[in-house]
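Heads up: the sequence shown at position 103 corresponds to 102 in numbering that gives the first Met the number 0, and the numbers run straight through without jumps. The C-beta atom is built at its ideal place from N, Cα and C for all residues, glycine as well. Here the structure is laid out as structure tokens; the discussion comes afterwards.
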Amino acid sequence: MRKTLLAASAALMAFSGVAFAQTTVITQEPVTTSSTVVMPGEVRTYVMEQPVESVPYEGDVLVGRVLPDTVEVRPVQGYDQYGYTVINERRVIVDPQTHTVIQVLE
Numbered sequence: 000m001r002k003t004l005l006a007a008s009a010a011l012m013a014f015s016g017v018a019f020a021q022t023t024v025i026t027q028e029p030v031t032t033s034s035t036v037v038m039p040g041e042v043r044t045y046v047m048e049q050p051v052e053s054v055p056y057e058g059d060v061l062v063g064r065v066l067p068d069t070v071e072v073r074p075v076q077g078y079d080q081y082g083y084t085v086i087n088e089r090r091v092i093v094d095p096q097t098h099t100v101i102q103v104l105e
């Protein structure tokens, strides 16, 4: 009986580790934003590499938020449909026509 109980306990402990396993998924380009916009990886790379000063902004910087016209949106070289800026130390990809936040980069 004692051997059976020990074997059952060992089996239970072995299987309980499986429940805590985590999977990490690393994705490469293209990037799909929450609004199902497929963005070339080159856009993200370009935006991350540009030396731009951060602009202070009151409020949360969220996907879908329209930024005020006072925020300078810079063009992404080679991709006219994307612009970018840095707000509150966060790089943001923006629709240059509407100033709508497309993606917040981390």
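- Item | Residue of Thr44, Val37, Val85 minimising C-alpha distance to Tyr56 | From the listed residues Thr44, Val37, Val85, the smallest Cα separation to Tyr56 is found for Val85.
- Item | Under 8 Å between C-beta atoms of Val46 and Arg90 | Yes. Within cutoff.
- Query: Which residues does DSSP pair with Thr99 in a beta bridge?
  - Reply: Looking at the DSSP assignment, Thr99 forms a beta bridge with Val65, Asp94.
- Query: Going by Cα to Cα distance, which pick from Asn87, Tyr78, Gly77, Val72 is closest to Val93?
  - Reply: Checked all of Asn87, Tyr78, Gly77, Val72; the closest Cα to Val93 is Val72.
- Query: What residues are listed by DSSP as bridge partners for Val75?
  - Reply: The secondary-structure analysis by DSSP pairs Val75 across a beta bridge with Tyr78.
- Query: How would you write the range of the alpha helix (DSSP H) that Val46 sits in, first residue to last?
  - Reply: Looking at the DSSP string, the run of the alpha helix (DSSP H) that includes Val46 is 40-48.
- Message: Measuring only the C-alpha atoms, how far is Leu104 from Val60?
- Response: About 11 Å.
- Message: For Val54, which residues in the same chain have their Cβ closer than 7 Å to its Cβ, ignoring the five residues on either side in sequence?
- Response: Here the set comprises Val70, Thr84, Val85, Ile86.
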